[in-house]
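In this note's numbering, the protein residues as written are 16 to 272.
Shown next, in the form of structure tokens:
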């Protein structure tokens with residue numbers, strides 16, 4: 016699931032020339048960091064006895080300018096993630112249409128239509144955490160006539176009240192609802208949120224969901240792991256790692272007046 020068609024088939028690193036002859040220091044750092052991330056993904060997969068081409072790297076570009084995203088795109092990256100609706104609908108039209116956008120932030124019902132109409136190349140919403148948002152996504156996808164949208168059920172495995180996500184005990188019920196009641200959505204797996212979870216909770220949740228839905232585990236993605244722990248997450252079975260600051264550097268929030 017790495018963007019292998021855009022990487023060297025022997026190294027699994029991004030290939031392809033950078034379009035602009037001169038890059039900023041930030042862009043060069045981002046491209047080098049991207050290559051390093053794929054090297055680390057390969058090593059973690061090898062350590063776990065897994066195929067690295069079954070692990071997708073989502074470059075999380077929150078707060079980063081379109082120019083820097085484009086440089087990382089030109090280095091071979093195709094999967095990008097954003098946390099805020101306003102940001103993704105502003106950036107997506109300025110970037111190539113073959114980018115596969117993932118929405119990974121908390122999604123409010125009134126932002127569903129702007130998100131789906133503003134980003135035609137949105138391939139996945141990773142943050143479905145209740146039936147209400149699943150129903151809204153299902154309805155809008157049907158109304159605008161786009162192809163079924165892949166979704167992940169977001170699970171709060173750390174138990175932090177400040178984090179979104181359904182409790183682990185509720186993920187089977189929500190996954191069933193998406194699969195059985197939302198014909199315009201494609202249940203694709205689980206996304207974990209919160210502090211690094213070193214227990215078997217995410218894998219247990221996935222096993223329970225697959226058993227309840229009657230699907231093989233290889234058809235149920237596990238989006239787990241970010242910049243600080245993605246190698247461990249891969250060892251624990253993650254198929255989708257969300258990497259932001261390690262590729263793009265620290266996030267740049269506007270200063271408060």
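The beta-carbon is built from N, C-alpha and C at its ideal position, and this holds for glycine as well.
| query | Would you report the Cα separation of residue 221 and residue 264, rounded to the nearest angstrom? | reply | Answer to the nearest angstrom: the Cα atoms are 32 Å apart.
For residue 117, which beta-bridge partners are listed by DSSP? 96 and 139, per the DSSP bridge assignment.
Bridge partners - residue 238, DSSP secondary structure assignment: According to DSSP, residue 238 bridges with 206 and 255.
When the Cβ atoms of the region 66–76 are set against those of the region 96–109, are three or more pairs found closer than 8 Å?
The region 66–76, when compared against the region 96–109, does touch it at the 8 Å Cβ threshold.
inquiry  = With distance defined between alpha-carbon atoms, name the residue in 239, 148, 121 and 102 nearest to residue 81.
reply    = Of the candidates 239, 148, 121 and 102, the one whose C-alpha sits nearest the C-alpha of residue 81 is 102.
According to DSSP, simplified to helix, strand and coil, what is residue 246?
Under the three-state reduction of DSSP, residue 246 is assigned to helix.
Next item on the list: Quick one: give me the first and last residue of the alpha helix (DSSP H) that residue 171 is part of.
Entry: For residue 171, there is no enclosing alpha helix (DSSP H); the enclosing beta strand (DSSP E) has its first and last residue at 164–171.
With a Cβ-Cβ cutoff of 8 Å, do residue 59 and residue 66 count as a contact?
For the pair residue 59 and residue 66, the CB atoms are not nearer than the 8 Å cut-off.
- Message: With the cut-off set at 8 Å, would you say residue 115 and residue 136 are in Cβ contact?
- Response: Residue 115 is a Cβ neighbour of residue 136, given a cutoff of 8 Å.
Check your understanding: residue 72 bridges to which residues according to DSSP?
Key -> DSSP links residue 72 through a beta bridge to 256.
task: Might you give, ordered along the chain, the residues of its own chain that have their beta carbon closer than 7 Å to the beta carbon of residue 242, omitting 5 neighbours on each side?
output: Closer than 7 Å at the Cβ level, and outside the excluded window around residue 242, lie 258, 259, 260 and 261.
### Message
Could you check whether residue 166 and residue 186 sit closer than 8 Å to each other, using their CB atoms as the reference points?
### Response
No; because the gap between Cβ atoms is not below 8 Å, this pair is not in contact.
- Query: Buried or exposed: where does residue 204 fall if 16 or more other Cβ atoms within 10 Å of its Cβ makes it buried?
  - Reply: It counts as buried.
On the CB-based measure, 16 or more other CB atoms within 10 Å of its CB, does residue 126 come out buried or exposed?
Buried, because 16 or more other Cβ atoms sit within 10 Å of the Cβ of residue 126.
Per DSSP, which residues does residue 200 bridge with? Please list them. Under DSSP, the beta-bridge partners assigned to residue 200 are 164.
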